[in-house]
Amino acid sequence: MAMSGGLNFAVLPPPVCISVRPRSVVALAAAEGTPETAERRARSLYEVLRVRETATAGEIKAAYRSMAKRFHPDVTAGRGGDDFVEIRRAYEALSDPAARARYDLSIGRWRQGACGLSGRWETDQCW
Amino acid sequence: MPLWVPERSQVAPAACLSPSPEAPRALSLFSSSSFLPLPNSQCLVWRTDLLVISLFRMAEQPYTVASDSETTGDDKSQSAFHDLAIGIEVGTSKCSIAVWNGAQVELLRNTRKQKSMRSYVMFKDDTSSGEASSGGASNKTAYEEKEILSGSAIFNMKRLIGRADTDPIVHASKNLPFVVQTLGIGVKPFIAALVNNVWRSTTPEEVLAIFLVELKTMAEVQLKRLIRNVVLTIPVSFNRFQQIRVERACAMAGLHVLRLMPEPTAVALLYAQQQQQQQQQSLHGGMGSGCEKVALIFNMGAGYCDVATTATAGGVSQIKAMQGCTLGGEDILKNVLYHLLPNFDSLYSNRDTNKIRSMGLLRIAAQDAIHRLSTQSSVQINVDLGDGTKMQRVLHQSEFEEVNRNVFEICEKLIKLCLADSKLAAEDINDVILVGGCSRIPKIRSLVLGLCKKEKEYEGMDALEAAVTGAALEGAVASGITDPSGSLDMLTIQATPLSLGIRVHGGGFVPIIQRNTAIPVRKSTIFTTTQDGQTEALIVVYEGDGKMVEENHLMGYFKVTAIPLAPKGTAEISVCMDIDAANTLRVFAGAMMLGTDRANSPFFEVRMPTLDDAHGWCAQALVKTHGSALDLTTIPKELQPQKVQ
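So the sequences go chain by chain: V and X. The opening position of the first sequence corresponds to residue 1 in the numbering used here, with each subsequent residue numbered one higher. The opening position of the second sequence corresponds to residue 128 in the numbering used here, with each subsequent residue numbered one higher.
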């Protein structure tokens with residue numbers, strides 16, 4: 001049930017953010033009262049796909065497929081459409097080398113704040 | 128919180144101990160996104176109950192909700208077989224039904240042991256009967272092609288359904304034996320069958336519904352259970368109007384459409400299954416691993432031509448791109464008929480029954496010649512048209528190919544477009560799958576294989592059964608059936624064949640969901656006002672790929688209100704589109720508070736299409752009544768929230 005719910009808004013810093021504003025509006029209008037934990041909000045695209053940040057393109061594709069097989073509404077009898085939308089978004093970003101690079105940069109920057117002044121290699125160790 | 132909550136809370140624990148059938152739905156609603164509307168008030172009540180339960184029992188049983196959901200999930204799998212969706216392919220000319228029998232897909236046969244049945248409905252006196260009669264109705268005679276072409280039967284429903292009388296396809300259908308009348312004003316065409324020398328009117332939906340009732344009865348008798356859920360295959364080029372009409376016809380026949388599946392995607396699912404089985408045999412290929420195989424699926428039947436590319440690995444088939452158009456055996460037949468008899472049209476202008484008979488005979492002869500040309504280089508046509516004229520001539524394959532050059536050119540264009548859309552070169556394709564009746568035409572085979580630079584086509588699929596088999600597989604997968612041997616361990620991730628977007632100032636079309644986007648999907652775009660102090664805006668939703676709205680299909684419209692007062696170009700209106708796995712489109716729009724990402728007032732959620740007939744008129748009427756006062760426009764790209772693409 002870890003993947004249920006699925007309205008994961010206001011997640012990412014702007015450069016790769018997927019339509020930040022409309023999504024939060026959707027969330028506003030729709031998800032009032034739904035228990036959204038802080039932990040879920042902060043999930044990175046890598047976490048959504050359950051891969052390491054160092055995953056290769058092939059690994060990302062394979063992860064997307066196996067996630068699709070578990071969370072696609074066809075196999076979950078119509079439930080969890082949002083989970084798949086989220087998985088799909090993560091896959092779209094991470095399977096495109098340019099978008100992935102931008103995203104990496106953005107989370108790198110974000111983590112720099114959290115971990116103090118450090119290079120990217122060190123931020124990786126944060127995980 | 129409603130006032131009655133305290134009272135409900137007293138009964139809630141009891142209700143929780145004995146979950147009613149409604150519970151699982153409410154549970155899923157509770158835990159998943161609420162972008163979907165609450166299906167009914169009952170669910171709303173349940174939802175509140177559950178909230179109450181969780182409040183009251185938080186300390187000892189925080190996971191009541193989850194465990195309930197699991198229990199009911201088990202119940203579901205036990206009863207699932209009763210609800211197992213069957214696959215139906217209603218073709219322009221032929222139709223078939225298939226079902227997952229617990230181990231594999233089985234095609235049902237009619238009383239004459241045919242798996243592929245002619246699609247038509249015969250109108251007689253006060254009854255109408257279709258081809259699929261079976262079981263108790265076995266004494267019902269099978270009509271010969273000659274009778275089907277007598278004007279008393281309606282066929283080619285698939286080419287007529289959901290089209291307006293301005294549609295060229297409807298106009299081209301006027302040379303069919305039954306009456307197709309058009310007034311050219313963008314409304315439903317008038318169709319009628321000859322009953323007791325009177326043209327009796329009907330509609331394509333009605334005809335399809337009658338036909339589906341017969342199919343349903345036939346399947347129910349054979350499977351000895353009631354049939355409710357179906358997966359129906361449709362052409363790629365079907366717009367949402369056509370889809371709605373098909374769904375409506377199903378509803379009239381008492382069938383619930385679980386999925387409308389573009390034909391090549393059904394084939395893709397079958398391909399995914401075959402690939403996975405192959406892989407399991409050859410290696411212990413784990414989930415998601417194994418090499419990815421790319422296939423091009425070319426499907427051409429009597430009415431439609433579809434092309435799709437799919438990438439398959441580990442039983443998951445991802446549709447990369449789809450292209451389709453209304454082109455098929457009917458067009459080939461028409462070309463041949465006009466070639467054989469250049470004044471073909473004049474033959475039927477007065478709809479004399481003798482002339483209709485002659486036309487029928489010529490149609491049968493031409494069809495037969497086309498079939499034989501798939502294996503012969505020339506055919507002899509000998510037909511007595513009954514009115515004193517006899518046709519005796521030889522038709523060569525080269526001649527046939529020449530008169531159908533336009534058809535082959537369109538096929539070629541579709542394949543090239545599809546390859547370009549999927550960013551694939553011929554070398555990237557591992558398999559070329561040819562399905563549909565017209566894929567037997569030598570010229571078409573060589574054309575498709577040539578464009579994909581392949582020597583031979585993929586083997587192991589029956590060209591006439593692949594789509595319906597895929598539909599039955601999808602029916603089993605989407606009904607929640609699992610198979611211990613892993614034969615149902617697969618999935619097709621569908622894509623939208625047409626872009627969806629809205630009209631902007633000046634009549635331009637701005638897509639919000641681009642074509643070939645994987646579904647389910649949710650995308651949004653911010654628009655802005657075109658007038659100073661504009662407080663309302665029209666959201667006019669279109670489907671299609673034309674740059675201007677006139678080239679696309681109007682799905683519906685609604686007004687966004689409560690836009691904050693601001694100079695033009697500064698207010699922000701968010702338009703979000705959502706397509707769920709069942710392909711339902713919802714448009715969600717509203718104005719934002721200035722300079723924030725918060726809604727100014729409640730958003731509007733509209734399920735599309737909202738329109739029925741005369742949609743061409745609506746667009747004109749909107750422009751005439753409102754001019755550009757309620758127009759929206761795009762905002763510069765740099766101000767648009769960026770999207771990952």
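Glycine included, every Cβ here is placed at the ideal spot set by N, Cα and C.
task: Return helix, strand or coil for X:P638, following the three-state DSSP convention.
output: Mapped onto the second sequence, residue 638 of chain X falls at position 511. In the structure shown, X:P638 sits in a strand (DSSP, three-state: E or B).
field: N- and C-terminal bounds of the beta strand (DSSP E) containing X:C222
entry: Numbered from its first residue, the second sequence carries residue 222 of chain X at position 95. Note, X:C222: beta strand (DSSP E), 221-227.
query: Using 8 Å as the Cβ pair cut-off and three pairs as the minimum, do the region 324-333 of chain X and the region 555-570 of chain X touch?
result: no
Coarse secondary structure for X:K695, derived from DSSP in three states: Taking the first residue of the second sequence as position 1, residue 695 of chain X is located at position 568. Note: X:K695 maps to coil in three-state DSSP.
- request: Give the C-beta separation of X:F527 and X:L551 to the nearest angstrom, bearing in mind that I take them to be a contact with Cβ-Cβ under 8 Å.
  value: What you label residue 527 of chain X is simply residue 400 of the second sequence in a count that begins at 1. What you label residue 551 of chain X is simply residue 424 of the second sequence in a count that begins at 1. Rounded, the Cβ-Cβ distance is 31 Å, inconsistent with contact.
field: Listed by chain order, chain V residues near X:A399 by CB distance under 8 Å
entry: Here residue 399 of chain X refers to the residue found at position 272 of the second sequence. Result: empty, since nearest Cβ-Cβ is about 11 Å, beyond 8 Å.
query: My guess is that X:I96 and X:S444 are in contact by the Cβ rule of under 8 Å, so how many angstroms apart are they, rounded?
result: The structure shown has nothing for residue 96 of chain X, since chain X only spans 128 to 772.
query: Could you give the uninterrupted runs of the alpha helix (DSSP H) lying entirely in the region 561-644 of chain X, keeping only those of 4 residues or more?
result: 569-578, 593-605
message: Tell me which residue opens and which closes the beta strand (DSSP E) that X:R386 is part of.
response: Within the second sequence, numbered from 1, the residue matching residue 386 of chain X stands at position 259. Counting along the chain, the beta strand (DSSP E) containing X:R386 begins and ends at 383-389.
task: Note down the Cα distance separating X:L721 from X:L759, rounded to an integer number of angstroms.
output: The residue labelled residue 721 of chain X in the question sits at position 594 within the second sequence. The residue labelled residue 759 of chain X in the question sits at position 632 within the second sequence. Approximately 16 Å, taken between the alpha carbons.
field: Where V:R89 falls: helix, strand or coil (DSSP)
entry: Taking the first residue of the first sequence as 1, we reach residue 89 of chain V at position 89. Correct three-state label for V:R89: helix.
field: CA-to-CA distance, X:N228 to X:V334, given in whole angstroms
entry: If you number the second sequence from 1, residue 334 of chain X lands on position 207. If you number the second sequence from 1, residue 228 of chain X lands on position 101. If you take the alpha carbons of X:V334 and X:N228, they lie about 29 Å apart.
- request: Taking all protein chains shown into account, decide if V:G58 is buried (16 or more other Cβ within 10 angstroms of its Cβ) or exposed.
  value: Working through the first sequence from its first residue, we reach residue 58 of chain V at position 58. V:G58 comes out exposed.
- prompt: Secondary structure at V:I52, three-state DSSP: helix, strand or coil?
  reply: Taking the first residue of the first sequence as 1, we reach residue 52 of chain V at position 52. According to the sequence displayed, residue 52 of chain V carries Arg and not Ile. Looking at V:R52 - three-state DSSP - the assignment turns out to be coil, as it is neither helix nor strand.
- prompt: X:G442 CB to nearest chain V CB: under 9 Å?
  reply: Residue numbering aside, residue 442 of chain X sits at position 315 when the second sequence is read from its first letter. Taking Cβ atoms only, chain V reaches closer than 9 Å to X:G442, which makes this a yes.
field: Beta-carbon spacing of X:A593, X:V358 below 9 Å
entry: Mapped onto the second sequence, residue 593 of chain X falls at position 466. Mapped onto the second sequence, residue 358 of chain X falls at position 231. No, the pair does not count as a contact, with Cβ atoms beyond the cut-off.
field: Of the listed residues X:A718, X:A225, X:Q524, nearest to X:G696 (C-alpha basis)
entry: As a working mapping, residue 696 of chain X is identified with position 569 in the second sequence. For the residues X:A718, X:A225, X:Q524, the minimum Cα distance to X:G696 belongs to X:A718.
Three-way DSSP call (helix, strand, coil) for V:I107 in this model: Position 107 of the first sequence holds residue 107 of chain V. Looking at V:I107 - three-state DSSP - the assignment turns out to be helix.
Coil, strand or helix - V:D74 by DSSP: Start at 1 with the first residue of the first sequence, and residue 74 of chain V comes out as number 74. Reduced to three states, the DSSP call for V:D74 is coil.
message: Using a Cβ-Cβ distance cut-off of 9 Å, determine whether V:D74 contacts chain X.
response: Within the first sequence, the letter at position 74 stands for residue 74 of chain V. For V:D74, the answer is yes, since a Cβ of chain X falls inside 9 Å of its Cβ.
query: Taking C-alpha atoms, which residue in X:R386, X:I361, X:S246, X:I224 lies nearest to X:T711?
result: Taking the second sequence and counting its residues from 1, one reaches residue 711 of chain X at position 584. Checking every option, the nearest Cα to that of X:T711 belongs to X:R386.
- request: Assign X:N727 to one of three DSSP states: helix, strand, or coil.
  value: Translated into the one-based positions of the second sequence, residue 727 of chain X becomes position 600. Coil at X:N727, not helix or strand.
query: Given that a residue counts as buried once 16 or more other Cβ atoms are within 10 Å of its Cβ, and exposed if not, what is X:E582?
result: Walking along the second sequence from the start, residue 582 of chain X turns up at place 455. Exposed: under 16 other Cβ atoms inside 10 Å.
- prompt: Which residues in chain V sit within 8 Å of X:V648, going by Cβ to Cβ distance?
  reply: Looking up residue 648 of chain X in the second sequence gives position 521. Within chain V, the residues near X:V648 are V85, R88.
- prompt: Leaving out the 5 sequence neighbours to the left and right, which residues in its chain are closer than 6 Å to X:A393 when beta-carbon positions are compared?
  reply: For the purposes of this step, residue 393 of chain X is identified with residue 266 of the second sequence, where counting begins at 1. Same-chain partners within the cutoff: T360, A594, G597, A598.
- request: For X:I666, go through chain V and note every residue whose CB falls closer than 9 Å to its CB, in chain order.
  value: Your numbering for residue 666 of chain X matches position 539 in the second sequence. The premise fails here: X:I666 is roughly 13 Å from chain V at the closest Cβ pair, so nothing lies under 9 Å.
C-beta neighbour in chain X for V:A55, strict 9 Å: By one-based count along the first sequence, residue 55 of chain V stands at place 55. For V:A55, the answer is no, since every Cβ of chain X falls outside 9 Å of its Cβ.
field: Sequence-distant residues of the same chain with beta carbon closer than 8 Å to X:I371, five excluded per side
entry: Position 244 of the second sequence, counting from 1, holds the residue named residue 371 of chain X. Only G289, P736 meet the Cβ criterion.
- prompt: Could you give the distance in angstroms between the alpha-carbon of V:E47 and the alpha-carbon of X:R642?
  reply: Reading the first sequence from its first residue, position 47 is the one you call residue 47 of chain V. Reading the second sequence from its first residue, position 515 is the one you call residue 642 of chain X. Distance between the alpha carbons of V:E47 and X:R642 is about 28 Å.
query: So does the region 440-455 of chain X actually touch the region 269-284 of chain X, counting three or more Cβ pairs closer than 8 Å?
result: no
message: Measuring only the C-alpha atoms, how far is X:T652 from X:R572?
response: Counting from 1 along the second sequence, the entry for residue 652 of chain X is found at position 525. Counting from 1 along the second sequence, the entry for residue 572 of chain X is found at position 445. Going by the C-alpha atoms only, they are around 42 Å apart.
task: Using 10 angstroms around the beta-carbon of X:E780, count the other beta-carbons present and answer buried if the total reaches 16, otherwise exposed.
output: Residue 780 of chain X lies beyond the range of chain X shown here (128 to 772); nothing can be said about it.
message: Do X:Q450 and X:P624 count as a contact pair if the criterion is CB distance below 9 Å?
response: Numbered from 1 along the second sequence, position 497 holds the residue referred to as residue 624 of chain X. Numbered from 1 along the second sequence, position 323 holds the residue referred to as residue 450 of chain X. Taking 9 Å as the Cβ cut-off, X:P624 and X:Q450 qualify as a contacting pair.
- request: Spell out a yes or no on whether the region 300-315 of chain X and the region 348-356 of chain X are touching, meaning 3 or more CB-CB pairs, one atom from each, closer than 8 Å.
  value: no
- request: Kindly indicate which three-state DSSP category X:D495 falls into: helix, strand or coil?
  value: As a working mapping, residue 495 of chain X is identified with position 368 in the second sequence. Looking at X:D495 - three-state DSSP - the assignment turns out to be helix.
query: For the candidate residues X:K251, X:M284, X:N366, whose alpha-carbon lies nearest to that of X:S626?
result: What you label residue 626 of chain X is simply residue 499 of the second sequence in a count that begins at 1. Selected option, being the one with the closest Cα: X:N366.
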